[in-house]
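Enquirer: I have a structure here, written as structure tokens, and I will follow up with some questions on it.
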Amino acid sequence: MMGSMQLDVIMAVEELHGLSARDMSKLLKDLHNFTFRFNTSRGALMRVDVQRLATSLPLHLLASVASTGAEPRFRYLLRGVRLLHSLSDLALRYPKLEQLLLHEVKLREQVLDLVIYMLIVLASVEQEGRAGSFVALLHAALVACCLYLLTAFVTKEWHDVVPVLLAHPKVDVFMDAAFDVVRRDIGLLQSKLRTLHIKLASKKATLPAAERVGEATAQQCEASLQVLQSLCQTQAFRDQLLHHKELCTRGGVLRLTLAVLKLNMPSSLQQSKSLVAFISRLKSKALSMLLKFCETESVCFLDEVAAEPQSMQLAELVACEVLALVRSALLEEPRRIEDAETEQNPMGSLHINAMRLADLFSDDSNFRNLVMDGIAPDLGTVLAAPPGVFTSRWCEGDIAVNLAKGEMDAILVYDPFQAAGAAMIASVKGATAPVSGSPGDSLQPLEEMETGCVLSIESTSPDLYARERSALLVKLFANLTCFNPEVCSVDEKDRFLHVFVECLASGPLMKSSSSHFLTPEQTAVRICENLYVLLDHVVSSSHTVNDEDLSLVSQFSDALHHAICPSPPSDESTCLAAPVVSYLRDAHEKKLLMIHTRRQELPRWQKIYQSSMELQEKEAVAVSVRPNAVYDRGVPCQNGMEIEKKQQEILRQSSSIQLAMSREESSAIAGLHEARAESLMEPLDEHEYDERHMDDDDETLTKEFNDGDFAVESNEDDNARGSQFMRNPKRRRESKKSLDSDEPPKKRKRNIMNERQIKTIEEALKGEPEMQRYPKLIQQWTNTLNQMGPEIAVHQLKNWLNNRKARLARIAREERAAEGDMRGENSRHTRSALGIMGEQSQDMTVTPPGSPEGTRSVDGSQRDSGTKQRTSKSSRSVSKRDSQDRGTTPELSNLEPGHKHLGADTLDSRGGSSSNRGGKCNLGHGQYVSLRDNEDKEVALGYIVQLDGVWQSRDLEEQSLCVIQVVEFKVDKTSKLPYPSNLTGSSFEEAETLLGKIRVAWHKDKIEIVQDGIRK
């Protein structure tokens, strides 16, 4: 009896799979029992009970799935699944049949088990099908039709399918199998495209026939990927998936995304507009799905990925593919809609999704430097475009509108019955016509067939699209510029500015790169003015960019202006020697003055300036009180700067010598100014000036890196350099490993709480330091904090507590490591320095001012603990300067008590003795002081805000400097600063303009403490 039943089901599948629901309704003779009566292909009369067939078919197909996955079995399984879809559609026509089939819980469970088990088996199919076979097409069609059984027997809407799946005990198995099987589909599609390319090259197929098979396979893959995209739209499904270790932390989602992004169209098929559009939409849907995961707030997807080395490597590869698409979005010409075929094949929102992902990647510290190094050259090229082209592309002009039209998105309306039939017709051997006398190898179908796939184009407003592109570009600049002192090393503050200037120096600012015979100065002015125009456009047209991001880009634009644009000369003769540059500079300064004047009249710009001042104040306070963190900068940008061997030796030493790297970072800026100054001093000869300027740039900025990982040719063009970077994601990214390899990955996040909330929770942590372990306590404090300021969620507070604990542990670990390294380095350098001094003078003595005993012997016979500390630190300072510049060690024997020599100052300031440096009292934070110039005249009054650490790439302790907040002037504001920098300018007035307040560096010997108006 069982064998008879099995035979009946097989025959029913073979005879009925080609009938649609409409055809089946014509065969229903008995509406009471729902029985089919028809003649088989052999002429026999067959009677089939619909309810019995529907309840038996899922179990029958489950048994069939367990057999081998050869091509004929694929075809039979596809017929069975197709018949299930027809029965489901038939049930919707008859309420009684719908009650018997679609509302039957047992049948629904059988269908769910069939879907899960079939996906598992199909995911294990070999990657490469046999050459010339149709395994890829049948496999893709079977996967898509199987997934659509969920809407056939569970519910019609995907968001309603999610709760049913989540309630299933094997939901994790389903998720794992679904992502794996779709990835396998993508692999088979790539193999099929290669096979079609080989057939076209050997003249065994025609282009239309190859296009049709490729399109049919790509359609099925798009349908399956769209199912996953629809499921991931639901928050509950994403949350469940993010807790799935195999898919989240082990890279299941990333593997699928990477496989889609790496789909490569063979050259022989690139003429097919429809096939190119299919591939583009596949990539767009994959990016859209990944974007949803990255935007999930309950679990930070990128943090989970960064926790596993394998998934982090996959994420870096995905980021590189995304950056390649962003490069196309920034530089490529818009797609032109020339005919109806192009209009009917939308490309999807590929480029805008890539820019959205780049925004998220650049906002995460695990990927920030990778994005920075990969995209900085392209950002420079964008800003160097002619003003008219730049405005048309990024300020809602004609080019922006055309770009929007070329990025139309579409939803695939999938009919499983028609799609399965089309796949089987295309894969039937013998249903094709011979080509070039090679029967059996042709691909051209004998008849036209319905594919079962219709595109529903989603129209978007070109203005909104162009506005979002401009906003995303500004966000990229803001994310790469942003510096959070709570989680970032002090040395990271200006990294993007240095990398960007280096890319400009080896790209648009090179004479050979300037278009229309522009000088580097003209190109620099164009870059700055385009950035100002972009920022003003986004401020006036878009509210998706917050004021904090806008203030960051505003600060960056001002800093970039002072870094690359022509600066005022030191004397009039220099100005007269270069009238062209002088005219260019004056016109640019007038234009910027007009821009700043116009901005001050706008309410939003007033808020932005206020936000900028508050942000700078917080950064300055945080940097001044935070201990110096150990930061391995790595190689920021391989565009032509040389790392010398002596710097590599310094990098291997203790953390106290790491500051030498910050000076090398700004060498590109210094090289530009130095080359410009030398050229301006020469007599006016434009040809000679250009040659000299190029020679200086080449000598300063086109040396190769000598790192062991790679080397980049200095004469390599931007495109080649970009493509080489994309091939190797580890080329130009900052090393994330510090001297302590256990340091957890850091995520650059904006503050989610205001100062009052932070102060409150900090006070609470004193009584309950392990608050993150108690969910109820976190919930209580979340409710309390929400009454004090911005609303935060429970998971946000928990993440904040965990990050705070990790940060404190990391700082303590770094301090312990630095202490141990310092002791070892101090003893080694002390012995070295004492040996050098012993060779110079056997009887040399040093008498620091204010020492109690008067004499301290170098041989160690009469040293107290305080002098040991001074000698050790002084020796380390001497050793450091000696490693940087041989032969510059000061003659210690020539030092006299009280003499204001660098060596004496070093001994005093680093030794921590009671020396008053020429009669002045010891300085401290917040003290009111008077600033003196070289002639001992009073310049200004202010208070001390920073005494140690690093400020504007200067080591305050080493150079005996401190940072002063000026509150009252005794001279004109245009007076020159003794220690100018790119971010503070060269005068008090420029410092106030750039920073919003006057904060300058001043030598300690030129400072007097003032109390109640009386100098000490």
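Residue numbering for the sequence shown follows full-length UniProt numbering, beginning at 1 and increasing consecutively. Using N, Cα and C, we set each Cβ at its ideal position, and we do this for glycine too.
1) Measure the CB-CB distance between Q51 and L101 and report whether it falls below 9 Å.
2) Do three or more CB pairs link the region 939–946 to the region 483–493 at distances below 8 Å?
3) Decide if the region 230–245 is in contact with the region 258–271; the criterion is three or more beta carbon pairs, one per stretch, under 8 Å apart.
4) Three-state secondary structure (DSSP) at G985?
5) Could you tell me the boundaries of the alpha helix (DSSP H) in which C962 lies?
6) Where do the N-terminal and C-terminal ends of the alpha helix (DSSP H) with L137 fall, by residue?
7) Apart from the five residues on each side of it in sequence, which residues of its chain come closer than 7 Å, Cβ to Cβ, to M175?
8) Measuring alpha carbon to alpha carbon, tell me which of A136, S267, E458 and A376 ends up nearest L200.
9) What is the DSSP secondary structure of E321, reduced to helix, strand or coil?
10) Can you give the Cα-Cα distance for L302 and L27, rounded to whole angstroms?
11) Below 8 Å on the Cβ atoms is my contact criterion, and I expect K285 with R238 to pass it. Report the Cβ-Cβ distance as a whole number of Å.
12) Ordered along the chain, which non-local residues of its own chain (more than five positions away) have a Cβ less than 8 Å from that of V9?
13) Hey, would you say L263 sits closer than 9 Å to K283, going by beta carbons?
14) Just how far apart, CA to CA, sit L509 and P163?
15) Assign V784 to buried or exposed, taking buried as 16 or more other Cβ atoms, counted over all protein chains shown, within 10 Å of its Cβ.
16) In or out: M594 buried (at least 16 other Cβ within 10 Å) or exposed?
17) Where do the N-terminal and C-terminal ends of the alpha helix (DSSP H) with I998 fall, by residue?
18) Can you tell me the Cα-Cα spacing of K703 and T523, whole angstroms?
19) May I have the straight-line CA-CA distance separating Q610 from S272, to the nearest angstrom?
20) Please name the residue or residues paired with R22 in a DSSP beta bridge.
21) By the three-class DSSP mapping on this structure, what secondary structure does A44 have?
22) Starting from N39, follow its DSSP beta bridges and name the residues at the other end.
23) Starting from the C-beta of S67, find all residues in its chain whose C-beta is less than 7 Å away, skip the five residues before and the five after it, and write them out in chain order.
24) Taking the beta carbon of H351 as the centre, do at least 16 other beta carbons fall within 10 Å, making it buried, or is it exposed?
25) Using 8 Å for Cβ pairs, my map puts L476 next to A358. What's the rounded Cβ distance?
26) Using CA atoms only, rank isn't needed, just tell me which of K1006, C395 and V967 is closest to P978.
27) Please report how far the alpha carbon of T381 lies from the alpha carbon of I457, in whole angstroms.
28) Give the single residue among R327, E343, K106 and E297 whose Cα lies nearest to the Cα of V276.
29) Is the beta carbon of V48 closer than 9 Å to that of F134?
30) Under DSSP, the beta strand (DSSP E) around I944 begins and ends at which residues?
31) Is R467 helix, strand or coil by DSSP?
32) Report the three-state DSSP secondary structure of L684 (helix, strand or coil).
33) Since S930 sits in a beta bridge, which residues does DSSP pair it with?
34) Buried or exposed: which applies to K192, given that a residue is buried once 16 or more other Cβ atoms fall within 10 Å of its Cβ?
35) How about the region 997–1005 and the region 961–976: do they share at least three Cβ pairs that are nearer than 8 Å?
36) Using the three-state DSSP reduction, which class does P169 fall into: helix, strand or coil?
Expert: With the given structure in hand:
1) yes
2) no
3) no
4) Assigned with DSSP and collapsed to three states, G985 falls in strand.
5) Taken as a continuous stretch (DSSP letters only), C962 belongs to no alpha helix (DSSP H), being part of the beta strand (DSSP E) at L961 to F969.
6) V135 to L147
7) Once the five neighbours on either side are set aside, the close Cβ partners of M175 are L241, H244 and L247.
8) For L200, the closest C-alpha among the options A136, S267, E458 and A376 is that of S267.
9) In the structure shown, E321 sits in a helix (DSSP, three-state: H, G or I).
10) 56 Å
11) For a cut-off of 8 Å, the C-beta gap from K285 to R238 is around 15 Å, too long to register as a contact.
12) L53, S56, L57 and H60
13) yes
14) When only Cα atoms are considered, L509 and P163 end up about 57 Å apart.
15) As written in the sequence, residue 784 is Thr, which differs from the Val given in the question. T784 comes out exposed.
16) exposed
17) First-last for I998: undefined, no H or E at that position.
18) Any reading at K703 needs caution, since the residue's pLDDT is 37, under 50, leaving its predicted position unreliable; the model's value is listed next. The alpha-carbon atoms of K703 and T523 are separated by roughly 22 Å.
19) Spanning the two alpha carbons is a distance of roughly 54 Å.
20) BP columns for R22 are empty, so no partner.
21) In the structure shown, A44 falls within a coil segment according to DSSP collapsed to helix, strand and coil.
22) L45
23) R73
24) buried
25) 6 Å
26) Out of K1006, C395 and V967, K1006 has the C-alpha closest to the C-alpha of P978.
27) 33 Å
28) E343
29) no
30) E938 to Q946
31) helix
32) With a pLDDT of only 39 at L684, under the threshold of 50, the placement of this residue in the model should not be trusted; the figure read from the coordinates follows. Residue state, collapsed to three classes: coil.
33) L941 and E1008
34) buried
35) The region 997–1005 makes contact with the region 961–976; the number of CB pairs closer than 8 Å reaches 3 or more.
36) Coil at P169, not helix or strand.
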